[in-house]
Amino acid sequence: MKSALILFPGTNRERDMAAALKRAGGRDPAIVWHGETSLPDADLIVLPGGFSFGDYLRSGAIAARSPIMPEVIKRAQAGALVLGVCNGFQALCEVGLLPGVLMRNTSLKFVCREVKLEIVNAQTPFTRAYRAGQVIRCPVAHHDGNYFADAATLDRLGGEDCVVFRYAEGTNPNGSQRDIAGIINAGGNVLGLMPHPENLTEAAQGGTDGLPLFQSIASGFMERAA
Amino acid sequence: MTIPITPELVEDHGLKPDEYQRILDLIGREPTLTELGIFSAMWNEHCSYKSSKKWLRTLPTTGDVVVQGPGENAGIVDIGDGLVAVFKMESHNHPSYIEPYQGAATGVGGILRDVFTMGARPIAALNALRFGEPEHPRTKHLVAGVVAGIGGYGNSFGVPTVGGEVNFHRCYNGNCLVNAFALGIAKRDAIFYSKAEGVGLPVVYLGAKTGRDGVGGATMASAEFDHRIEEKRPTVQVGDPFTEKRLLEACLELMATGAVVAIQDMGAAGLTCSAVEMGAKGDLGILLDLDKVPTREVGMSAYEMMLSESQERMLMVLRPEKHAAAEAVFTKWGLDFADVGRTTDDLRFRIQRHGDEVANLPIKDLGDEAPEYDRPWAEPAVPHALDADAMGEPGDLAEALLTLLGSPDLSSRRWVWEQYDHLIQGNTVQRPGGDAAVVRIDGMDKALALSLDVTPRYVDADPFEGGKQAVAECWRNLTAVGATPLAVTDNLNFGNPERPNVMGQFVRAIQGIGEACRALNFPVVSGNVSLYNETHGEAILPTPAIGGVGLIADWRQGATLAFKAPDEAILLAGAPAEGGTWLGQSIYLRDMLGREDGAPPPVDLAHEKRVGDFVRTAIAENLATAAHDLSDGGLAVALAEMAMASGIGAAVELPASSHHAAQWFGEDQGRYLLTAQTGDQQSLLERAAAADVSLMEIGTTGGDRLALPGAPALSVAELKSRHESWFPRFMA
Chain F
18 MKSALILFPG TNRERDMAAA LKRAGGRDPA IVWHGETSLP DADLIVLPGG
68 FSFGDYLRSG AIAARSPIMP EVIKRAQAGA LVLGVCNGFQ ALCEVGLLPG
118 VLMRNTSLKF VCREVKLEIV NAQTPFTRAY RAGQVIRCPV AHHDGNYFAD
168 AATLDRLGGE DCVVFRYAEG TNPNGSQRDI AGIINAGGNV LGLMPHPENL
218 TEAAQGGTDG LPLFQSIASG FMERAA
Chain A
266 MTIPITPELV EDHGLKPDEY QRILDLIGRE PTLTELGIFS AMWNEHCSYK
316 SSKKWLRTLP TTGDVVVQGP GENAGIVDIG DGLVAVFKME SHNHPSYIEP
366 YQGAATGVGG ILRDVFTMGA RPIAALNALR FGEPEHPRTK HLVAGVVAGI
416 GGYGNSFGVP TVGGEVNFHR CYNGNCLVNA FALGIAKRDA IFYSKAEGVG
466 LPVVYLGAKT GRDGVGGATM ASAEFDHRIE EKRPTVQVGD PFTEKRLLEA
516 CLELMATGAV VAIQDMGAAG LTCSAVEMGA KGDLGILLDL DKVPTREVGM
566 SAYEMMLSES QERMLMVLRP EKHAAAEAVF TKWGLDFADV GRTTDDLRFR
616 IQRHGDEVAN LPIKDLGDEA PEYDRPWAEP AVPHALDADA MGEPGDLAEA
666 LLTLLGSPDL SSRRWVWEQY DHLIQGNTVQ RPGGDAAVVR IDGMDKALAL
716 SLDVTPRYVD ADPFEGGKQA VAECWRNLTA VGATPLAVTD NLNFGNPERP
766 NVMGQFVRAI QGIGEACRAL NFPVVSGNVS LYNETHGEAI LPTPAIGGVG
816 LIADWRQGAT LAFKAPDEAI LLAGAPAEGG TWLGQSIYLR DMLGREDGAP
866 PPVDLAHEKR VGDFVRTAIA ENLATAAHDL SDGGLAVALA EMAMASGIGA
916 AVELPASSHH AAQWFGEDQG RYLLTAQTGD QQSLLERAAA ADVSLMEIGT
966 TGGDRLALPG APALSVAELK SRHESWFPRF MA
């Protein structure tokens, strides 16, 4: 699996993400600086977590206007897999690849804890190694993870199986509407989620519940290559 | 316009008349205002350690693993495989009291820079926080601001904040403590120092622009607080973690190019301290042209520029042939890069502004030859040990335990550490809430254990024993997770050293720290002294925080405090026959009986070492399935913590004694709880006997209740609910 990881100034979970990608897919991702205007050949484009540009305007807002983003949009529209985690999810919403917005947590505080996630849709290229309805452990670490969209959008997301992850068992840490933790676009190739599956992919991290997400992606490409 | 140097102006700069006379003698003329500012910055307590140096020298600072002891930006220990751990702790007390968010945030920023200026990538941060009593009107505001500030900076920068301490006491009502610790990893052959080398080399300014924030901050940190405190707000700096993150990446990239001769971050007294440090250490002069310094405000005077504490800045001596490559790195990261001066051979610190020379001072006298005092000190009066018979008994053991678990000092700190990203970088093996945090070295099996400790009420009662205890407890916490303790950094927070009783606390605490560090082979490799922690003449409790680092060869071999399974034996190591005996200065005495008297528990360092070495071996050989050190609240609280961490209950007994309170809540030192699988406890008991370590089997794990003798069994759920509820309720 060839992946490209976009690096913005202020991105800070790129190493965690790269380690998880390598663990599942066997290869280091290509690191692409936000100021570039072209992407290498890649099956997967990842926008990792962090505080791009300090999150000083709105989370992900300046990243969404980086020189590399038109290229990311073009690839996404051509069907490449795009994964945005945390700040990456915020940027995907800002750039319009995903609907809705991530507002400040209802607690108004940063929250880092483990939550429970229900795999709502296990038919996506990102979740095929899970079972629908399965509940996994997963860490969150964010200040702006409160997913908001208007009722019509929320209804459509639900109706089109675009909600991929929901906070389960009363563990919604941020006030997200309808417990939404991660969504996919209608085309089924752009996934954004607030939790950090990359931080639960090996025993030293206390568990591997996040690993199947990366294995789903990797095995998809191995099958395609075969 | 020339500003006349009046005695009032000298006093406003925190310089005493004899210190000013020393300046006059040194330079043979009246200083300019800029020069006065520079002397004030270099000779204040915060930068010069003038009251503490004499005593700091008595600490043990060498050892097999020590690569760099005190005197650099941070201490360095060898952790094998060509790697070193670079760490230090530093206070940001006064700024945090004035403006808690920014004060704490910039404290974190400063300590991170101390670590990465040496070429190390930060992998862990911790913090030791002390606030006034919960009822004090300012306490909640300070807790909220300080915690948000630490999180706001560390989370954005991208370092996991994995542990620390939070305590409350009325002596901190007017002077909270914010001690920030950071640790980074570097290659042993790629460590960077501040010592300049080579004449005529460019001095380059890196990072953020210079503004007027923080002008005079170090002088503020060297004075007591009074009613004019609100006027000091402008001396607090503003942090920008986004710039710091870029500065980290840019510096590490720059260092890899081989362009750096010497590098120093700009902390207290910014440009002044960093330039003097580089020159004085390298026996070189420094010439700066302030017109070339990037500024974010117009019309800044030389005085303001030299004393600005704007954050996220560095100064470096550059190899001229690498100039273009170095500048390209900083341009890429969107940071300033400016040639602002050069090294000289005249040992002078010369400053130019608008073509005029506004300062010309002897650089060595500013730096390593700053004044030093042998301040008078009084031997502290140490209270007698309390008579256990006079102490009374807990009406209900169970009720006392629930009360203590839900008390301000012993309740869960989850409300705090959930605001810190403690998982970023993906190497956090033990999260907050255990005896020590454990962080794996990226890509390796080995891990480091980290713990910050001090029990200020012990130090207040007996500075010498309290100093020993702070070190011993830190060593014990590292041991309890299975680590071999390597070295410490210290953050010595005290009141006004010009008062002999405060100076006496300082001297005796350092002697205690030194004795324990020598006995436990636990050298001091870096540290920070924060004096003048007083408001309206009332000093804080003496608080010498110890930050310890230990090594675990393979993270899988570490221990945690949670019970692992039902039907395991619970063993108490290092305890006297009754289990516990010492209530003087205990949490039980203070919070249940309203007394803060008696001598604190003494630390027998030979015993400490023997017991700790036994426990570490038991963990390494997989004989102990869980381990936990006993500290505040004694045996009962430690058992409850092991139960809460696992959801598994326990039934325990102790030998008969007429002093139940002391048995269950006494704070005798050098004790641990272990668990072992059936069959292994015999082997442990034999090994303990052979090692001359007391080890007694006191119970069995199992069920979902904690049953102490003669008291109703408590459900683990109820323990948890008490333990978890105080902090969120307090902060609501």
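So the sequence lines, in the order shown, correspond to chains F and A. The first sequence begins at 18 in the numbering used here and counts up by one. The second sequence begins at 266 in the numbering used here and counts up by one. The beta carbon of each residue, even a glycine, is placed where N, CA and C say it ideally should be.
- When C-beta atoms of the stretch 215-222 of chain F are compared with those of the stretch 146-156 of chain F, three or more pairs fall below 8 Å, so the two segments count as touching.
- Here the alpha carbons of residue 347 of chain A and residue 454 of chain A stand approximately 8 Å from one another.
- Under the 8 Å criterion on CB atoms, residue 128 of chain F is classed as interfacial with respect to chain A.
- The DSSP-derived three-state label of residue 934 of chain A is coil.
- Rounded to the nearest whole angstrom, the CA to CA distance from residue 882 of chain A to residue 839 of chain A is 14 Å.
- Residue 225 of chain F carries a coil assignment under DSSP once its states are collapsed to helix, strand and coil.
- Its chain contains 839, 840, 895 as the residues whose beta carbon lies nearer than 6 Å to that of residue 936 of chain A, once the 5 sequence neighbours on both sides are disregarded; these appear in chain order.
- Listed along chain F is no residue with a C-beta nearer than 9 Å to that of residue 990 of chain A; the closest approach is about 16 Å.
- Contact between residue 270 of chain A and residue 350 of chain A is absent: CB atoms are separated by about 46 Å, not below the 8 Å threshold.
- Taking a 10 Å sphere around the C-beta of residue 327 of chain A, we find fewer than 16 other C-beta atoms and assign the residue as exposed.
- In this structure, residue 315 of chain A places its C-beta atom within 8 Å of the C-beta atom of residue 637 of chain A.
- Excluding five sequence positions before and after residue 213 of chain F, the CB atoms of its chain that fall closer than 8 Å to its own CB belong to 30, 33, 66, 102, 103, 155, 156, 157, 158, 227, given in chain order.
- Against chain A, the beta carbon of residue 33 of chain F has neighbours under 8 Å at 689, 690, 691, listed in chain order.
- At a cut-off of 8 Å between C-beta atoms, residue 26 of chain F counts as an interface residue with respect to chain A.
- Taking a beta-carbon distance threshold of 8 Å, residue 46 of chain F does not count as an interface residue toward chain A.
- Look at the beta carbons and you see the stretch 946-956 of chain A not touching the stretch 904-916 of chain A: under three pairs across the two are nearer than 8 Å.
- Non-local beta-carbon contacts of residue 946 of chain A in its own chain, meaning distances under 7 Å to residues more than five positions away in sequence, involve 834, 836, 962 in chain order.
- Against chain F, the CB of residue 683 of chain A has a partner CB under 8 Å away; the residue lies at that interface.
- By the Cβ test, the stretch 682-691 of chain A is in contact with the stretch 412-432 of chain A, since at least three Cβ pairs between them sit closer than 8 Å.
- For residue 354 of chain A, the pairing in a beta bridge is given by DSSP as A:446.
- At a cut-off of 8 Å between beta carbons, residue 75 of chain F makes no contact with chain A.
- For the stretch 103-124 of chain F, there are no residues whose beta carbon sits under 8 Å from a beta carbon of chain A.
- Taking 8 Å as the cut-off, the beta carbon of residue 437 of chain A is found no closer than this to the beta carbon of residue 477 of chain A.
- Going by C-alpha positions, residue 772 of chain A is about 41 Å away from residue 985 of chain A.
- When rounded, the separation of the alpha-carbon atoms in residue 733 of chain A and residue 420 of chain A is 34 Å.
- Taking a C-beta cut-off of 8 Å against chain F, the contacting residues of the stretch 699-710 of chain A are 705, 707, listed in chain order.
- Looking from the CA of residue 891 of chain A, the closest CA among A:950, A:829, A:306 belongs to A:829.
- Remark: C-beta atoms of residue 812 of chain A and residue 774 of chain A do not approach each other more closely than 8 Å.
- Against chain A, a Cβ distance below 9 Å from residue 68 of chain F picks out 420, 421, 422, 423, 506, 507, 510.
- The count of Cβ pairs closer than 8 Å, one atom from the stretch 359-367 of chain A and one from the stretch 334-345 of chain A, stays below three, leaving the stretches out of contact.
- Shown here, residue 384 of chain A sits in coil according to DSSP, grouped into three states, outside any helix or strand.
- Not a single CB atom of chain F sits nearer than 8 Å to the CB of residue 794 of chain A.
- Proximity of chain F to residue 694 of chain A at the Cβ level (cut-off 9 Å) is accounted for by 221, 222, 223, in chain order.
- Close to residue 686 of chain A, with beta-carbon spacing below 8 Å, are these residues of chain F in chain order: 127, 129, 158.
- DSSP, read as helix, strand or coil, puts residue 766 of chain A in helix.
- DSSP links residue 627 of chain A through a beta bridge to A:613.
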